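Novice: Below you'll find the structure I mean.
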Amino acid sequence: MSARAAVVGVVATLACAPALRNPAPLGSAPTSGGRSAAALLADADDAFARRPDAAAVRNAVALYRAAAQADPADIEGLHGALRAAVWLAQRERSAEERARRATEAVELGQLCGARAPEDARCDYGLALGLGVQAREHPSTVGEGLKLMVQRLRRAAARDPAIDHGGPERVLALVLLRAPGWPLGPGDPESALEEARKASARAPDFPPNPLALA
1 MSARAAVVGV VATLACAPAL RNPAPLGSAP TSGGRSAAAL LADADDAFAR RPDAAAVRNA
61 VALYRAAAQA DPADIEGLHG ALRAAVWLAQ RERSAEERAR RATEAVELGQ LCGARAPEDA
121 RCDYGLALGL GVQAREHPST VGEGLKLMVQ RLRRAAARDP AIDHGGPERV LALVLLRAPG
181 WPLGPGDPES ALEEARKASA RAPDFPPNPL ALA
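Here my numbering is used: the first residue of the sequence shown is 1, the next is one more, and so on.
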């Protein structure tokens, strides 16, 4: 997932619409066609690997969701669908479709966290979902930025190596670009500290030195 694209820029006015709502269920109707969760995940991974083909990524979301339905105890399908939904929320041509995918990403992040509350991937993915949602639904920025910081800090504490130091890298960008207290969580000094952590963790991953710069 593109961390930079998921970070919301500074806005002049912060509205107060809730960033989290009760997520829509995955659905109870079978969509697997009799295939196992493992087979669906393999097909979904193949479809997602065909980026930047947006149609393939849309198919990947459906396959990941089907895998999540086929194995209610696992989060691989939810996590995969979340990554693909964030990708689409950044790239769909229609503003309406970008907004829909952003909302879907947040809901998938919540469902992921409900299945695996201790898994850092759910926290990190939800944070990115909140980022694209705030861009497409500006009224959620106020609460969304605060929740992003909370989830990113928790993901960094649990598994900072995700996405080549992603939790610390995204946290640095959020803290740098968000308004400071009392409007938001912005803190340039803390942003620099987090960027240094990410760069030290994966110095050869280009987004990390860029975030530090």
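C-beta: ideal position from N, C-alpha, C; glycine also.
All of these numbers come straight from a predicted model, not from anything done at the bench.
1) Taking the alpha-carbon of residue 37 as reference, which of 67, 133, 138, 206 has the nearest alpha-carbon?
2) Three Cβ pairs or more, each shorter than 8 Å: is that satisfied between the region 191 to 210 and the region 158 to 178?
3) Let's test the definition: count the other Cβ atoms within 10 Å of the Cβ of residue 128 and tell me whether it reaches 16, buried, or not, exposed.
4) If you measure between the beta carbons of residue 89 and residue 61, is that distance less than 7 Å?
5) Would you mind working out which of 99, 58, 153, 187 sits nearest residue 124, comparing C-alpha positions?
6) Would you mind listing the alpha helix (DSSP H) stretches within the region 129 to 212 that are 4+ residues and don't spill past its ends, in chain order?
7) Return helix, strand or coil for residue 77, following the three-state DSSP convention.
8) Under DSSP, the alpha helix (DSSP H) around residue 59 begins and ends at which residues?
9) Evaluate contact between the region 100 to 117 and the region 68 to 75, counting only Cβ atoms and requiring at least three cross-stretch pairs below 8 Å.
10) Going by other Cβ atoms of all chains shown within 10 Å of its Cβ, with 16 needed for buried, is residue 160 buried or exposed?
11) Which of the three DSSP states is assigned to residue 16 in this structure?
12) Which residues in the same chain as residue 132 place their Cβ atom closer than 7 Å to its Cβ, once the five residues preceding and following it in sequence are excluded?
13) How would you write the range of the alpha helix (DSSP H) that residue 42 sits in, first residue to last?
14) Can you say whether residue 215 is buried or exposed, counting buried as having 16 or more other CB atoms within 10 angstroms of its CB?
15) Less than 7 Å separating the beta-carbons of residue 23 and residue 107?
16) Since I believe residue 196 is in contact with residue 212 (beta carbons under 8 Å), could you give me their beta-carbon distance rounded to a whole number of angstroms?
17) I need the straight-line Cα distance from residue 53 to residue 167, nearest angstrom please.
18) Tell me which residues share the same chain as residue 41 and place their Cβ nearer than 6 Å to its Cβ, disregarding the 5 neighbours each side in the sequence.
19) Provide the residue span of the alpha helix (DSSP H) that contains residue 24, from first to last.
20) Taking the beta carbon of residue 207 as the centre, do at least 16 other beta carbons fall within 10 Å, making it buried, or is it exposed?
21) Look at the alpha carbon of residue 140 and the alpha carbon of residue 70, and state the distance between them as a whole number of angstroms.
Specialist: Walking through what the data contain:
1) Position 37 of the sequence shown, counting from 1, holds the residue named residue 37. Considering only alpha carbons, the answer is 67.
2) yes
3) Along the sequence shown, read from residue 1 onward, the residue named residue 128 stands at position 128. Per the 10 Å Cβ criterion, buried.
4) Numbered from 1 along the sequence shown, position 89 holds the residue referred to as residue 89. Numbered from 1 along the sequence shown, position 61 holds the residue referred to as residue 61. No, these two residues do not count as a Cβ contact at 7 Å.
5) One-based indexing of the sequence shown puts residue 124 at position 124. Ranking the options by Cα distance to residue 124, first place goes to 153.
6) 141 to 158, 166 to 177, 188 to 201, 207 to 212
7) The count along the sequence shown starts at 1 and reaches residue 77 at position 77. Helix, per DSSP.
8) Counted from its first residue, the sequence shown places residue 59 at position 59. Run containing residue 59: 54 to 70, per the alpha helix (DSSP H) assignment.
9) yes
10) Numbered from its first residue, the sequence shown carries residue 160 at position 160. So residue 160 counts as buried.
11) Residue 16 sits at position 16 when you count from the first residue of the sequence shown. DSSP places residue 16 in coil when its eight states are reduced to three.
12) As a first step, residue 132 must be located in the sequence shown, where it is residue number 132. The answer, listed in chain order, is 6, 86, 89, 90, 102, 105.
13) On the sequence shown, position 42 is the one that residue 42 refers to. Here the alpha helix (DSSP H) through residue 42 covers 37 to 48.
14) What the structure shows of the chain is the stretch from 1 to 213, and residue 215 is not part of that stretch, so it cannot be assessed.
15) Reading the sequence shown from its first residue, position 23 is the one you call residue 23. Reading the sequence shown from its first residue, position 107 is the one you call residue 107. For residue 23 and residue 107, yes; Cβs fall inside 7 Å.
16) In the sequence shown, the residue the question calls residue 212 occupies position 212. In the sequence shown, the residue the question calls residue 196 occupies position 196. So it is a contact: roughly 6 Å between Cβ atoms.
17) Indexing the sequence shown from 1 puts residue 53 at position 53. Indexing the sequence shown from 1 puts residue 167 at position 167. Cα to Cα, the separation comes out at about 27 Å.
18) The count along the sequence shown starts at 1 and reaches residue 41 at position 41. Around residue 41: 67, 76.
19) In the sequence shown, the residue the question calls residue 24 occupies position 24. Taken as a continuous stretch (DSSP letters only), residue 24 belongs to no alpha helix (DSSP H), as it is neither H nor E.
20) Against the sequence shown, residue 207 aligns to sequence position 207. With 16 or more other Cβ atoms within 10 Å, it is buried.
21) Working through the sequence shown from its first residue, we reach residue 140 at position 140. Working through the sequence shown from its first residue, we reach residue 70 at position 70. Cα-Cα distance, rounded: 32 Å.
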